[in-house]
Amino acid sequence: MSDKFLRVNDLHVHFPTDDGVVKAVDGLSFDLEKGKTLGIVGESGSGKSVTSLAIMGLHRGTRARISGEIVLDGQDLLKTTDEELRSLRGRKLAMIFQDPLSAMHPYYTVGQQLTEAIRVHEHVSKKAARTTVIEMLGRVGIPNPGRRVDQYPHEFSGGMRQRAMIAMALINNPELLIADEPTTALDVTVQAQILDLMRDLQAEFGSAIIMITHDLGVVAEIADDVLVMYGGKCVEYAEVDDAFHQPDHPYTWGLLTSMPRLDRLKQERLVPVVGNPPSLINIPPGCAFHPRCAFREFAPCACDEVVPELAESYPKHDSRCHIPVPKRAEIFRDQIAPRL
Ligand code: SF4
0 MSDKFLRVND LHVHFPTDDG VVKAVDGLSF DLEKGKTLGI VGESGSGKSV TSLAIMGLHR
60 GTRARISGEI VLDGQDLLKT TDEELRSLRG RKLAMIFQDP LSAMHPYYTV GQQLTEAIRV
120 HEHVSKKAAR TTVIEMLGRV GIPNPGRRVD QYPHEFSGGM RQRAMIAMAL INNPELLIAD
180 EPTTALDVTV QAQILDLMRD LQAEFGSAII MITHDLGVVA EIADDVLVMY GGKCVEYAEV
240 DDAFHQPDHP YTWGLLTSMP RLDRLKQERL VPVVGNPPSL INIPPGCAFH PRCAFREFAP
300 CACDEVVPEL AESYPKHDSR CHIPVPKRAE IFRDQIAPRL
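Just so you know, the sequence shown maps onto residues 0 to 339 in numbering that gives the first Met the number 0.
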């Protein structure tokens, strides 16, 4: 058995609907050590947020059909009772949601919500919890925390609400923090501050972090490993330096060449990945990326018929493509790298 702090093994999350089964996550495996950050990247509908909700156990009570293993510190979260899971949330695992306004209760002050989050897990007085909350609000960069603690979420700016959400997620020093697009709605300055903050808090508490994002810039900034998802499956999984220096999957190439860069000349156009993400009800046969892939001619078999397996291309670097690895390296060197 792996000694990794988190091990997700062959996770499937399917939703039966009137139109068919939505295969949101289809056989996903990865692991994560304490003190490390994994970036999960993909377009909307690639399955990345569904994965994080599955780890948090937030599909319970829905029509989702979940199978596989999510083992956190030796305990399979898919086999825990609701009560066990509730007691783990906050302390063992916590999540920063995309939209802090919908994740915080509008009728309670920020301080009341954070105090409650502490008192669910610890028998401390309200006064002691409040002191901890004010301290944490200060640490996440909220000015005047002693005054702000008594304000309601709508009285906070977007950036401050996001910080309050981060404070709420971190208030019990969770060992696993899942951050789902935590900085998408924020301007770049606040975004950089929040990433710094997460890094600092990770250094202090040794937490493992899963950063869900569509932004490869954020991944380059904060992650140790990166997992690229497409159509509910992992298509590339590598240490972050390898993924940026020797990306090995046509979809990752597309993500990289469509990423804006400050040092790119103004007249150089970004090259988006053509077409749209697949419908998760009717995932294309064979390689799900084939309708959008510009490199199919290099594959030795029919990409629209044969599903490629996730296989090791380089040490600790897996990807899912039929093109032989040396050919992919050549395409990257000759056609993709010059555009980055
Ligand atoms: Fe493109 Fe075929 Fe590789 Fe899929 S398997 S990424 S369609 S070349």
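Here a beta-carbon is modelled for each residue, glycine too, at the ideal position from N, C-alpha and C.
Listed in chain order, the non-local C-beta contacts of Ala166 below 7 Å within the same chain comprise Leu113, Met135, Leu136 and Val139, local neighbours out to five positions each way being set aside.
His316 places its beta carbon 8 Å or farther from that of Asp214. Look at Cys233: its beta carbon is at least 7 Å from all of the heavy atoms in ligand 1.
Distances between the C-beta of His321 and the heavy atoms of ligand 1 include at least one below 7 Å. If the five residues before and after Asp247 are omitted, its C-beta is found closer than 8 Å to the C-beta atoms of Glu235, Ala237, Ser312, Tyr313, His316, Ser318, Cys320, Val324, Arg327, Ala328 and Phe331, all from its own chain and listed in chain order.
In this structure, the C-beta of Arg162 stays at least 7 Å away from each heavy atom of ligand 1. Restricting attention to Ile335, Asp333, Pro299 and Leu279, the CA atom closest to the CA of Asp18 is found in Leu279. Residue side-chain check: His289 places its Cβ nearer than 7 Å to a non-hydrogen atom of ligand 1.
Secondary structure of Pro152 (DSSP, three-state): helix. Per the coordinates, the alpha-carbon of Lys22 lies some 18 Å from the alpha-carbon of Val305.
For Lys232, the three-state secondary structure derived from DSSP is strand. Counting along the chain, Asp81 sits inside the alpha helix (DSSP H) bounded by residues Asp81 to Leu87.
In this structure, the CA atom of Arg129 is about 19 Å from the CA atom of Pro105. Secondary-structure assignment with DSSP links Met94 through a beta bridge to Ile177.
The beta carbon of Val239 sits closer than 8 Å to the beta carbons of Gly38, Val218, Ala219, Ala222, Asp223, Asp224 and Val225 from its chain, once the five residues preceding and following it are set aside; these are given in chain order.
Here the distance from the Cβ of Pro307 to the nearest heavy atom of ligand 1 is below 7 Å. Excluding residues up to 5 positions away in sequence, Val7, Ile54, Leu76 and Leu77 lie with their Cβ nearer than 6 Å to the Cβ of Ile69 in the same chain. Uninterrupted beta strand (DSSP E) stretches at least 3 residues long and entirely within the stretch 187–255 occur at 207–212, 224–229 and 232–238, given in chain order.
Put simply, the backbone Cα of Glu154 is about 20 Å away from that of Gln190.
Bridge pairing for Glu68: Asn8 [DSSP]. Taken through DSSP and simplified to helix, strand or coil, His58 comes out as coil. Counting along the chain, no alpha helix (DSSP H) covers Gly26; the unbroken beta strand (DSSP E) around it starts and ends at Gly19 to Leu31.
About 17 Å separates the beta carbon of Lys33 from that of Ala168, a gap too long to meet the 8 Å contact definition. C-alpha of Val187 to C-alpha of Met94: approximately 21 Å in a straight line. Per the C-alpha coordinates, the member of Pro142, Arg88, Ala293 and Ser43 positioned closest to Val119 is Arg88.
About 7 Å separates the beta carbons of Ser45 and Gly230, which is inside the 8 Å limit, making them a contact pair. Looking from the CA of Ala163, the closest CA among Leu175, Glu174 and Thr182 belongs to Thr182. Between the beta-carbon of Gly41 and that of Leu84 there is about 26 Å, and that puts the pair past the 8 Å contact cut. In the three-state scheme derived from DSSP, where H, G and I count as helix and E and B as strand, Ser51 is classed as helix.
A distance of 8 Å or more separates the beta carbons of Ile170 and Lys47. Per DSSP, Tyr107 has no beta-bridge partner at all.
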